[in-house]
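Colleague: Sequence order for the protein chains is W, C and E.
Every position in the first sequence, counted from 1, becomes a number in our numbering once 1161 is added.
Every position in the second sequence, counted from 1, becomes a number in our numbering once 33 is added.
Every position in the third sequence, counted from 1, becomes a number in our numbering once 96 is added.
Even glycine gets a Cβ: it sits at the ideal position worked out from N, Cα and C.
It should be emphasised that the depicted structure is a prediction, and the values quoted were computed from it without experimental measurement.
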Amino acid sequence: MKKVSLFGLGAGLLAALTFTSEPAFAQQSTLDIVKSRGQLRCQLGTPAPGWYELSDSGKWSGFDVENCRAVAAAVFGDPDKIEYQSVTSAVRFTAMANGESDMLSRTTTWTLFRDTQLGLDFTTVSFYDGQGFMVKKDMGIKSALELKGATVCVLTGTTTELNLTDYSRTNDLGMNAVVFEDSNVRDNTFFTNGCDAITNDKSSLASTRAKAPDTSIFTILPETISKEPLGPVVRQNDSQWKDIVLWSVFAMVQAEEFGITSANIDKVIAETTNPEIKRMMGVEGDLSKGLGLDPKWAYNIIKTVGNYGENYEEFMGEKTVMNIPRAGSPNALWTNGGMMYSPPFR
Amino acid sequence: MAVLEKGSPRRESRSFGEWVNDERVRSVFYQILVAVAVIFVAHYLFTNTTENLKARGMSSGFDFLGSTAGFSIAWTVLPYNPDDNYFHVYLVGIVNTLTVSLVAIVCMTLLGFIVGVMRLSKNWLIAQIAAWYVEILRNTPLLLQILFWFLAVFSLLPRPRDSMSLIDLFFLNNRGFYMPAPVPGDGFDLTMIAILVAIVATYALAVWARKRHFATGQRFPAFWTGLGILFGLPLLVFLVTGAPLTFDYPSLQGFNFVGGVTVPPAFCALLLALVIYHSAYLAESVRAGILSVSHGQTEAAYSLGLRPGMTLRLVIVPQAMRAVVPPMISNWMNVVKNSSLAIAIGYPDLVAVFMQTSLNQSGHAIEIVAMVMLFYMSVSLSISLALNYYNKLVQLKER
Amino acid sequence: MAELMHDDAVFRPKPSLPPPPNTVGVVGWLRKNLFGGPFDTLMTVVGATLIVYFGHKLFMYGVVNAVWEAESYRECLDITGGDGACWAGVDRWMSNYIYGRYSVDERWRVNLGFIVLAVWLAPFWFPRVTQKILVGVSAVLTFPFLAANLFLGGDPGLFLEVMTAIALTCFAAVWLNVAACYAGYKSVGVVIVRVSGFADKDDRMHKWVLLGAFGVGFVLAFLYQSTWDLAEVPTVNWGGLFLTLVISGIGISSALPAGVILALGRRSKMPVIQVFCTAFIELFRSVPLITILFMAVTMMPLFLPVSINPDKLVLVIIAVCIFAAAYMAEIVRGGLQAINKGQYEAAQAMGLNYWKMMTLIIMPQALKLMIPNIVGNFMGLLKDTTLVSIIGLYDILLMTKASGQDPKWLGMHTEPMLFAAAVFFVMCFCMSKYSQHLEKTIGGGYGRR
């Protein structure tokens, strides 16, 4: 009896496997998945000051976190309905492609290769950065071109690594790259003279400097050796979801242009005669329909997350460890000579 | 007879139950079941993967190996520049991994034996130090130790300008260890050939001496003769061909030393961590191995009239080695595997250059992970084969 | 004769001389153990110098110059100039090192889970308790589900609810058994049979009675656990020491059974099974854990159907289990090989079939022999789980790294690293000492006591 039942068990197992082998090939839209889950899965990097900070109370905040919060506010009306995923840079794209994360907002540079060959779509640029070098002042160096034969600390798996190689080859500098997986180790190596220079996006160099025992002995060289447009990324072939993320960022930029902040938004809406503001905030028209969102989506973003300028001040501004001046940089509004420009809400 | 009569008709047409209960039939059935299940699962995974790749718009195949890598690698044993392709990156990574592993294995074996003997020292303090050395190192994660040594190496060593130097040929600073590089000239090939010839000759001599010793009982000083051949012959050829070897000396230019051979600090730190961590494990094996040889063996050897030195060499060590070698070799295997933690401190080993940087740049996860696994598998399989061979050689002949 | 009787002729030993003063007491000990000869003396001096030098450095850094109260790392640096440890930051982040980003209000659940496990396993150390094997087996098989339900919260699904109820019943049974044993009965089963009044019926009846009792317990437990209303804590928020213990705990408890099966498969006489088991073991033993982890997070999702979206923690745990099982298989195989062939032959001569021979004769002996190696493997696994930090799981190591990126504690990394090293040292050291103790108490089964 026992033996016969073993046969049965084996046959049953086989049959079960056969039936499960039919791959369910139903491609659901990301918006539906997010809505049914009740939470947005937002991929961040491992903690980095300014961009995505993890406090000792376990809360995430930061400039890139605000992009996710804006999307959550647009979808749910609540910016805290987010499951944050903090992923090392080595596996960030696979985590996206696998459907583990709904969006990625983590100082990721927009390149043609990444946009086309990794199954990803870049939405827009939320921060214009550029790669630079930081050295110790006592080296007496004024330009990156003087770094001939220097040893440079760099983080692995980033465009920074490639840019450094390109720059060194273009200018025949023969630099030695020392590659790190962990930014803490990299920074400490630089502080203890393990490298002559450290290279990274200029915004991140500021945070490296803020870690040093003595912050005054470092200088960031004037050269910007690359373009680093950073922004949120979504999976390919889901244009509705891409639009939602894209326009959530635009809403924050546009709100700043209109002078709407989280503090004055109710007052502005009550008093405004500007039809574009009314359309944007869902008072008039049905712009939200195309996105598949609540008419008040943009209102929710500005009310709970704030506009672009507010976020910048909070995480990158002069009062923070980052201390990156905005005026005169590409991150200023286009009306102030920068490149932050939102298409019209019409 | 009655039993036979009852049994024999069944043997011709066996009932289902009996057929099922036949051990051979069942064994064949189980094996077919397992084989079918495995093939089925493999097929299932394969179809899923192809569909996934299609659905996600990701490319697959090994074509990417031919495309230009475009990133630089901090330190390579093989020559490399960013124009080389991904396959070359793979080779560069392999050689870097093997280099650090081999050096670590040699140093770790020496240190492990020293610490193992120290643990058995009659000096209480030394035995205690060795015991705590082993305890502390074995009970903390290697990853932490690697980070620790890396930070320690950097904070203890001077900047290039104030390098420590040894007779202006060897330099040590926090950029690494610098030494003169040999540059072979014309005719150096002959010396290399002479070295090979000397090795073969020494081996042949040893075999011959052993045979003669067994056959006639006469000893032949094979060790010293062999040593003479091993060094004398290449040296002779080297001198006759006109000493065709020059050195490239390191010198301080700009920020760093130029010329010579450079060993980067990440290499030193990784080496230090691997050597120290695994030597603690080896020390325990060595201690256990020595303790495993019963004291009766020593006494028996003495009573046969062997002198203490010969007792050690001919009786104790061979028996202790039987217990020490298998764990030692698996320790070596662990060194190769654990060198993959280099990723944490930026030593460009196979995992760092291929599974991190290349995977990130090219996105070919499956191919790259498979290639990396293939490498580690072939290394450890060849080590296992060697170990099995050794085990067969020294096994106690039982029954 | 008479002369012999005389007092003077009797052999009167003189009292033995005291041992030379330099071989006894403190001086003797020192001479023997520290200053036995010139070389010994030199070694002692060198060793002592090293200890004093490094001990002093560590003491100055960790205690004398250390800062215990500060609001930020910058403040610490201002006080010490970098010469002392900044324990204030470690203290501030301490709970995160332990629980990761697990919601603060829900952390009692983690504590409760580990307390339950400790209480569950406690009867192991009670001398009068019987059926200790069942204690261990029930804990290993069912506790993970109870813990999963407790730690995850939210809607657990029917399967997890049933398993939780079974686990609760087992837990209750274990402690009722303890009570029964201390009340003087053989086990709780005997008590139940007696109370139910079936004591005079045959054994088969007893089995049904016990099953019935278990069923009643199960129903009660199921009703009880369905009243739970726990907030969901997604696995991405799990972290710190808690996560380290979860990963290594599951790895450890699944490694032994899986390892035994693989080892038996490798020694099997059926070629196909042997080939597959050997290939599996050799494949996963020969590659570094980091490549297996990479495979788990980058490749495994591609292997699964498009619609399935596996949790990263689950993938990592599967990878760790595979890795640990492959290693354990080799240890078990070693243990099996060490068993004398006579034991197999004797078991077969007694007419035991394969499984009875293995479970009753071979395995118990082999497992005893393997204790040091098994514990060594467990310790290795515990330490190796730090590698999950490389693929971005917030175990204790990555948590300590994260604390150094908090703008308030920017740059603090040596102190958390030392803290993590100390935690691992304490855990592994205790494990290894306990294994040595076990070896002495139960591993000596071969010898005569």
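Within the continuous alpha helix (DSSP H) that includes W/Ala1338, where are the two ends?
Modeller: Element bounds for W/Ala1338: not the alpha helix (DSSP H) but the beta strand (DSSP E), 1337-1341.
Colleague: In chain E, which residues lie with their C-beta within 9 Å of the C-beta of C/Gln64?
Modeller: The answer, in chain order, is Met366, Pro367, Val368, Ile369.
Colleague: Would you say E/Tyr490 reaches chain W, if we count a Cβ-Cβ gap shorter than 8 Å as a contact?
Modeller: E/Tyr490 counts as touching chain W.
Colleague: C/Val139 versus chain E: which residues are under 7 Å apart at the beta carbon?
Modeller: In chain order: nothing, as chain E lies at least about 20 Å away.
Colleague: How is W/Glu1244 classed by DSSP in three states: helix, strand or coil?
Modeller: Three-state DSSP puts W/Glu1244 in a strand.
Colleague: Looking at the structure shown, is E/Tyr198 part of a helix, part of a strand, or coil, going by DSSP?
Modeller: It is coil, neither helix nor strand.
Colleague: Counting only Cβ pairs nearer than 8 Å, list the residues of chain E close to W/Val1252.
Modeller: Chain E residues near W/Val1252: Phe390, Val393, Thr394, Ile487, Gly488.
Colleague: Ignore the nearest five residues each way along the sequence and tell me which others in C/Pro360's own chain have a CB closer than 7 Å to its CB.
Modeller: Here the set comprises Ser318.
Colleague: For E/Ser199, which residues of its own chain have a beta-carbon under 6 Å away from its beta-carbon, when the five flanking residues on both sides are left out?
Modeller: Hits under 6 Å: Val329.
Colleague: Please state whether DSSP places W/Gly1499 in a helix, a strand or coil.
Modeller: Reduced to three states, the DSSP call for W/Gly1499 is coil.
Colleague: Does the segment 90-110 of chain C come close enough to the segment 275-282 of chain C to have 3 or more Cβ pairs within less than 8 Å?
Modeller: Verdict: no, contact absent.
Colleague: Consult DSSP for E/Val287 and reduce its assignment to one of helix, strand or coil.
Modeller: The answer is helix: DSSP assigns E/Val287 an H, G or I state.
Colleague: Tell me the rounded alpha-carbon separation between E/Ala442 and C/Gly50.
Modeller: Looking at the two C-alpha atoms, the distance is approximately 29 Å.
Colleague: Whether or not the segment 1416-1426 of chain W and the segment 1482-1493 of chain W are in contact is what I'm after, with contact meaning three or more pairs of Cβ atoms, one per stretch, closer than 8 Å; do they touch?
Modeller: Not touching, per the Cβ criterion.
Colleague: Quick check: the segment 355-363 of chain E against the segment 517-531 of chain E, are at least 3 beta-carbon pairs closer than 8 Å?
Modeller: Because the criterion of three Cβ pairs below 8 Å is not met, the segment 517-531 of chain E and the segment 355-363 of chain E do not touch.
Colleague: Against chain E, does W/Thr1255 count as a neighbour if the rule is that its beta carbon must be under 8 Å from one of theirs?
Modeller: It does: the Cβ of W/Thr1255 has a partner Cβ on chain E nearer than 8 Å.
Colleague: Comparing the C-beta of C/Asn129 with each C-beta of chain W, is any distance below 8 Å?
Modeller: It does not: the Cβ of C/Asn129 has no partner Cβ on chain W nearer than 8 Å.
Colleague: Taking the straight line between their C-alpha atoms, what separation do you get for C/Leu223 and C/Pro217?
Modeller: Going by the C-alpha atoms only, they are around 11 Å apart.
Colleague: Ignore the nearest five residues each way along the sequence and tell me which others in W/Thr1496's own chain have a CB closer than 7 Å to its CB.
Modeller: These residues qualify, in order along the chain: Glu1418.
Colleague: When you compare the CB of W/Glu1322 with every CB in chain C, is at least one pair closer than 8 Å?
Modeller: For W/Glu1322, the answer is yes, since a Cβ of chain C falls inside 8 Å of its Cβ.
Colleague: Within the 8 Å Cβ cut-off, does E/Asp136 reach chain C?
Modeller: Answer yes: the Cβ-Cβ gap between E/Asp136 and chain C drops below 8 Å somewhere.
Colleague: What does C/Phe181 touch in chain E if you count any residue whose Cβ is under 8 Å from its own?
Modeller: The answer, in chain order, is Met513, Ala517.
Colleague: Report yes or no: is there a C-beta of chain W within less than 8 Å of the C-beta of E/Val332?
Modeller: With 8 Å as the cut-off, E/Val332 counts as an interface residue toward chain W.
Colleague: So, do the segment 1206-1218 of chain W and the segment 1421-1436 of chain W have three or more beta carbon pairs nearer to each other than 8 Å?
Modeller: No: fewer than three Cβ pairs fall under 8 Å.
Colleague: What does the alpha-carbon distance come out to for the pair C/Met212 and C/Phe300?
Modeller: C/Met212 and C/Phe300: Cα-Cα distance of roughly 15 Å.
Colleague: Between C/Glu400 and W/Lys1242, what straight-line distance do the alpha-carbon atoms span, to the nearest angstrom?
Modeller: Going from the Cα of C/Glu400 to the Cα of W/Lys1242 covers about 37 Å.
Colleague: Quick check on W/Lys1428: does DSSP put it in helix, strand or coil?
Modeller: Reduced to three states, the DSSP call for W/Lys1428 is helix.
Colleague: What's the gap between the Cα of E/Phe546 and the Cα of C/Leu78?
Modeller: In the structure as shown, chain E starts at 97 and stops at 545, and residue 546 of chain E therefore has no counterpart that could be examined.
Colleague: If I measure Cβ to Cβ from C/Ala239 and keep anything under 8 Å in the same chain, skipping five residues before and after, which residues do I get?
Modeller: So the qualifying residues of the chain are Ala255, Gly259.
Colleague: Which stretch, first to last residue, makes up the alpha helix (DSSP H) that contains W/Asp1404?
Modeller: Here the alpha helix (DSSP H) through W/Asp1404 covers 1400-1419.
Colleague: Please decide whether C/Ser373 counts as near chain E, where near means a Cβ-Cβ distance under 8 Å.
Modeller: With 8 Å as the cut-off, C/Ser373 counts as an interface residue toward chain E.
Colleague: Using alpha carbons as the reference points, say which of E/Leu130, E/Gly185, E/Pro109 lies closest to E/Thr119.
Modeller: Answer by Cα proximity: E/Leu130.
Colleague: Please classify W/Lys1297: does DSSP put it in a helix, a strand, or coil?
Modeller: Strand.
Colleague: Any contact of the segment 1354-1374 of chain W with the segment 1300-1319 of chain W, i.e. 3+ C-beta pairs under 8 Å?
Modeller: As far as the Cβ criterion goes, the segment 1354-1374 of chain W touches the segment 1300-1319 of chain W, which means the pair count is three or higher.
Colleague: Is there a Cβ from chain E that is less than 8 Å from the Cβ of C/Tyr119?
Modeller: Output row for C/Tyr119: interface = no.
Colleague: According to DSSP, what are the bridge partners of E/Val233?
Modeller: In the DSSP output, where bridge partners are listed per residue, E/Val233 has none listed.
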